[in-house]
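Per this note's numbering, the very first residue in the sequence shown carries number 422; after that it's consecutive. Think of the CB as a built atom: it goes at the ideal place given N, C-alpha and C, for glycine as much as any other residue. So the structure is just underneath, and the comments pick up after that.
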Amino acid sequence: MKSARIAMISYHTCPLMSPGEGKIGGMNVYVRELTRHLGDLGLHIDVFTRAHHGQELDDTINNDNIRVVHVDSGTHDSNLESLYRQVDQFEENIRLFQENESIEYQLVHSHYWLSGLVGRSLTQSWRVPHILTFHTLSDLKRGAGIRDYEPEYRARLETELMKSADLVIVSSVHEHDAMVFRFGAPRERIEAVPCGVDLSVFGPTDMSDATKRLGLNGEKV
């Protein structure tokens, strides 16, 4: 039997892709850095993400404890409706990988609601805990005036997922309170963990110097 591992699910976007391209952004950085630091602590992690064009050009996480597994799942269409329809295929191919590798996972950490659907099903059959980080919630996006297209069933599924997960990790107390008071999620299974900062890149500086460097010229942003 091979050593136990954590299964990290990042279905709809590959954490190795460069931020700034299409939907590639903050969640990619979060998953990549979280995985890298957990690997540095000695944890073994398999990151499952969707196979995509150009994956052979992806950067790597230089850590022997981490593998990024690109899983086939339907077409490469990034439309949310299409991704939702391909969830079952993505999940089944993870199961095949796990069986072929004879791996026993100790827990699953899913990122985003689509990954949460996969993680919930896997953990129910593997009988391991399910940790879930949503990164965004459809109802909160609507309330903030963000007009991205969201399927109607997303909000319902997010509410189901936050109530079924063994632990939901949120980035702020505001998100924690919204889940408890607005969606009825169990308070004792939600933990607020603010996002980390890479201090080798970011640090405090004078505000006027920062606005000059960004070319804002005193304008509101």
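Check	Outcome
Same chain, Cβ closer than 6 angstroms to Ser531, five either side skipped, listed in chain order	Ile430, Gly537, Gly540, Leu553
First through last residue of the beta strand (DSSP E) which encompasses Ala613	611 to 613
CB of Pro436 within 8 angstroms of CB of Thr470, strictly	yes
Inter-residue Cα distance where the pair is Arg563 and Thr557	11 angstroms
Candidates Pro625, Asp630, Gln527: closest to Arg548 by CA position	Gln527
Chain-order list of residues whose beta-carbon lies under 8 angstroms from that of Gly639 (same chain, five-residue window excluded)	Thr632
His473, DSSP secondary structure in three states	coil
Alpha-carbon spacing of Pro607 relative to Ser523, whole angstroms	34 angstroms
Ala606 in three-state terms, based on DSSP	coil
Cα-Cα separation, Arg453 to Tyr574	28 angstroms
Outcome for Asp467 when other beta-carbon atoms lying within 10 angstroms are tallied against a minimum of 16	buried
Residue range of the unbroken alpha helix (DSSP H) whose run includes His595	594 to 598
Contact under 8 angstroms by Cβ, His458 with Asn486	no
N- and C-terminal bounds of the alpha helix (DSSP H) containing Val450	447 to 461
Span of the alpha helix (DSSP H) around Gln632	Per the sequence shown, residue 632 should be read as Thr rather than Gln. Run containing Thr632: 628 to 634, per the alpha helix (DSSP H) assignment.
Residue from Asn500, Tyr505, Met438 whose Cα sits closest to the Cα of Thr481	Met438
Opposing strand residues paired with Asp467 [DSSP bridges]	Ala428, Arg488
Opposing strand residues paired with Thr554 [DSSP bridges]	His532
Spatially closest choice to Trp534 from Pro625, Val589, His597, Pro615, by CA coordinates	Val589
Leu517: first and last residue of the uninterrupted alpha helix (DSSP H) it sits in	508 to 522
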